[in-house]
Structures are given as C-alpha cells and as structure tokens.
Amino acid sequence: MGVLQKIGKFAGNTFAIWVLVAAGLAIWMPEYFTWIGSYITILLGIVMFGMGMTLKLDDFKLILQYPKGVIIGVVSQFVIMPLLAFALAKIFNLPPEIAVGVILVGCCPGGTSSNVMTFLAKGNTALSVTITSFTTLMAPFATPALIYLLASEWLPVSFMAMFMSVIKVVLIPIILGILAQFLFKPIVEKSIDILPTVSVVAIVMIVAAVVSGSRDKILETGLIIFAIVILHNGLGYLFGFLLAKLFKLQYDDQKAVSIEVGMQNSGLGAQLAMAHFDPVSAVPSAIFSFWHNISGPILATYWGSKADKIAKNR
Numbered sequence: 546m547g548v549l550q551k552i553g554k555f556a557g558n559t560f561a562i563w564v565l566v567a568a569g570l571a572i573w574m575p576e577y578f579t580w581i582g583s584y585i586t587i588l589l590g591i592v593m594f595g596m597g598m599t600l601k602l603d604d605f606k607l608i609l610q611y612p613k614g615v616i617i618g619v620v621s622q623f624v625i626m627p628l629l630a631f632a633l634a635k636i637f638n639l640p641p642e643i644a645v646g647v648i649l650v651g652c653c654p655g656g657t658s659s660n661v662m663t664f665l666a667k668g669n670t671a672l673s674v675t676i677t678s679f680t681t682l683m684a685p686f687a688t689p690a691l692i693y694l695l696a697s698e699w700l701p702v703s704f705m706a707m708f709m710s711v712i713k714v715v716l717i718p719i720i721l722g723i724l725a726q727f728l729f730k731p732i733v734e735k736s737i738d739i740l741p742t743v744s745v746v747a748i749v750m751i752v753a754a755v756v757s758g759s760r761d762k763i764l765e766t767g768l769i770i771f772a773i774v775i776l777h778n779g780l781g782y783l784f785g786f787l788l789a790k791l792f793k794l795q796y797d798d799q800k801a802v803s804i805e806v807g808m809q810n811s812g813l814g815a816q817l818a819m820a821h822f823d824p825v826s827a828v829p830s831a832i833f834s835f836w837h838n839i840s841g842p843i844l845a846t847y848w849g850s851k852a853d854k855i856a857k858n859r
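Numbering (the numbering used here), first residue to last: 546 to 859.
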C-alpha cells in the first residue's frame, strides 16, 4: 500500500475524531474558524469534484443488475429520512431554525462514506455505490423540492434558489470531475489516493465553520439537537433495513440499503443552511457529520463480524 493510500485510510478511519477535535476547538476559540464560513461552498465543491473523479460508467450500469435494490434504495433515501426529519421536528416542537436544519439534512442524498461502511459490513458495496451515485445526481431536483414541501411550514423556502445552489455545489463539480477523468486520465489516476484525505479535511473545515458561527446556540440547544440527530440516524438505519427486508432483498442488499439511508451528505445540508437560512440551521448537519461517522463504523463492525462468524461455521 502506497503512502498516500495509508494516509487516506488513516484519515477515513479517524474521521470522527478529527470532526470532534475541530468542533471542540471551534467552540473554545470560535474567532479562529469563523472565516472558513465564506468558503463552505468551495469546500463542498471540492468534495463533489473528487466524487466525480471516482464515478464510473459501471456504477450506473449496475441498475440493470440490481434494479429492485437500486429503486428501493433511492426511494427510501428520499422518503424515509425527510419524513423522519419532519416527524422529529413536530414531535419535539423545535424552534424554526433548528426544525429547518433537521429537515435539511434529512432531504440530502446519501453520503459517500456509506460505500466504505457497506464494504466493511460485508454488504453489497456495488449496490451502495450505485444508490449513492443516483441520489447525488438527483439531489438538484429532489433535495430543494423536499425542503420546499416539508420546511415551508417553519420558514420561507425558495425552491429556485436552492435548486441553483445544489447545481453549483453538487452537479457542476461532479460533471467537471467526470470530464477530468477523460481529459487528464494519467493525472487523475495518480491523485485518486489522496482524495479521501482531501474530503476529510474539507468536511472537517465545514464543521469547524458551522460550529464557530453558531457557538452560543449550540451551547444552548446542543443536547436536544444531538439527541434528535442520534434518533434520526438510528431510525434511518432501522427503517431502511426493514423496508429492504419487506421487499425481500438479499441480506447483503438489506445492509447496503440500511447504511445508505442512514448516512447523509451532511456537508450539503450545512452549505444550504448557511446560504439560505440562519447559520444555526447548519448545526444539525454539523452534528450529523460527526455522529454518523461513529454509528456507521459501529454498525459496519457488527455486521462484518456477524458475516465472518457465519462464514467460519459453514
């Protein structure tokens, strides 16, 4: 394994730690991190550009191999998490800014780390990658529409403004990343190993910016937001798994759908919140970014160990 691969693996394995450290420092010394807020769009664009550099045509051909799993995964992503977010906002009677923030993260596509977690869980990694690819490319349309439908009750929502935001920070960088594969193939192949590290640094910086900008509100409402994020994430895993089981998907596919539904592109949620609402609306996304990188590995380790035991007993 090359040096860059080792660094990338280390960064990925310790992602939650770096997020926690960044959040802690941003609360302790917010004045050193607030400047990053102006660069959140650029940072997320870098992450999406990296995703575009890794997308392959085979990722989309797999819908022919797993049509049922892909459809269930995509629909689950854009139904389960948004409705859970809406229900939690109602049940806990959240303040408007927090309610919108929870709904924002619920309406985002799946996070790319879900693919790694599915692999560790001995799930269907190819299915997970395909679902992530489809939900991410659908995000410019699905995410603003869902936010408009579910969050307008609390605060005014502009569908068109959000649509343009997601186009700029998701679709355009991904398309540029795909083009880079064709135009600069040798350079892209050499830079693939550093992408996990770049993504970790970018997301950690986004979290630091969000936390530093909403420090006082976090100290006031942090515990309730944290509890809601844990519930949202955990119920996402559970309902994703149960829905996949209800439609009689294979066990490996059930694990992929569960992880795909539970893990969100929280960086996009933070960017949309900072661009269109009160900065405190980005806090649920920042906390989600930290938490799902703890819960994901725990769930993946459990399923992976279970699969190993079953294999040994055969």
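Backbone N, C-alpha and C fix where the C-beta goes; we use that ideal spot for every residue, glycine too.
These figures come from a predicted structure and were not determined experimentally.
Among the residues of its own chain, which have a CB less than 8 Å from the CB of Phe708, if the five just before and after it don't count?
As a working mapping, residue 708 is identified with position 163 in the sequence shown. So the list reads Pro685, Phe686 and Pro689, once near-sequence residues are dropped.
Which one or two residues does DSSP pair with Gln816 in a beta bridge?
If you number the sequence shown from 1, residue 816 lands on position 271. Partner(s): none; Gln816 has no beta bridge.
For Gly651 and Met626, what's the separation of their Cα atoms in angstroms?
Looking up residue 651 in the sequence shown gives position 106. Looking up residue 626 in the sequence shown gives position 81. Each residue's alpha carbon lies about 5 Å from the other.
Secondary structure at Gln610, three-state DSSP: helix, strand or coil?
In the sequence shown, counting from the first residue as 1, residue 610 sits at position 65. Gln610: helix per DSSP, three-state reduction.
Note down the Cα distance separating Gly781 from His837, rounded to an integer number of angstroms.
The count along the sequence shown starts at 1 and reaches residue 781 at position 236. The count along the sequence shown starts at 1 and reaches residue 837 at position 292. Cα to Cα, the separation comes out at about 11 Å.
Tell me whether the region 814 to 831 and the region 763 to 773 touch, counting them as touching only if at least three CB pairs, one residue from each stretch, are closer than 8 Å.
yes
May I ask which residues mark the beginning and end of the alpha helix (DSSP H) holding Tyr577?
Indexing the sequence shown from 1 puts residue 577 at position 32. It is not in any alpha helix (DSSP H) - Tyr577 carries neither H nor E in the DSSP assignment.
Could you check the C-alpha separation between Ala706 and Val714 for me, to the nearest Å?
Here residue 706 corresponds to residue number 161 of the sequence shown, with the count starting at 1. Here residue 714 corresponds to residue number 169 of the sequence shown, with the count starting at 1. C-alpha separation (whole angstroms): 12 Å.
Rounded C-alpha distance that separates Met683 from Val624:
Here residue 683 refers to the residue found at position 138 when the sequence shown is read from its first residue. Here residue 624 refers to the residue found at position 79 when the sequence shown is read from its first residue. Approximately 13 Å between the Cα atoms of the pair.
Taking only runs of the alpha helix (DSSP H) that begin and end inside the region 760 to 830, which ones reach a length of at least 4 residues, in chain order?
760 to 791, 796 to 807 and 811 to 821
Kindly give me the distance between the Cβ atoms of Leu672 and Ala845, rounded to whole angstroms, as I take these residues to be in contact under 8 Å.
Here residue 672 is taken as the residue at index 127 of the sequence shown, counted from 1. Here residue 845 is taken as the residue at index 300 of the sequence shown, counted from 1. The pair is not a contact, with the Cβ atoms about 15 Å apart (cut-off 8 Å).
Please classify Pro718: does DSSP put it in a helix, a strand, or coil?
Taking the sequence shown and counting its residues from 1, the one referred to as residue 718 is at position 173. Of the three classes helix, strand and coil, the one that applies to Pro718 here is helix, per DSSP.
So, for Ser703: in the same chain, excluding its five sequence neighbours on each side, which residues have a beta-carbon less than 6 Å away from its beta-carbon?
Here residue 703 corresponds to residue number 158 of the sequence shown, with the count starting at 1. The answer is none, since no qualifying residue turns up.
Determine the extent of the alpha helix (DSSP H) in which Ser659 is found, giving its start and end residues.
In the sequence shown, residue 659 corresponds to position 114, counting from 1. Start and end: Ser658 to Leu665.
Does the structure place the region 781 to 794 close enough to the region 716 to 732 that three or more beta carbon pairs sit under 8 Å?
no
Report buried or exposed for Glu642, applying the criterion of at least 16 other Cβ atoms within 10 angstroms of its Cβ.
Taking the first residue of the sequence shown as 1, we reach residue 642 at position 97. Result: buried.
Here's the rule I'm using: 16 or more other beta-carbon atoms within 10 Å means buried, otherwise exposed. How should Pro731 be labelled?
Position 186 of the sequence shown, counting from 1, holds the residue named residue 731. Pro731 is exposed by the Cβ-count criterion.
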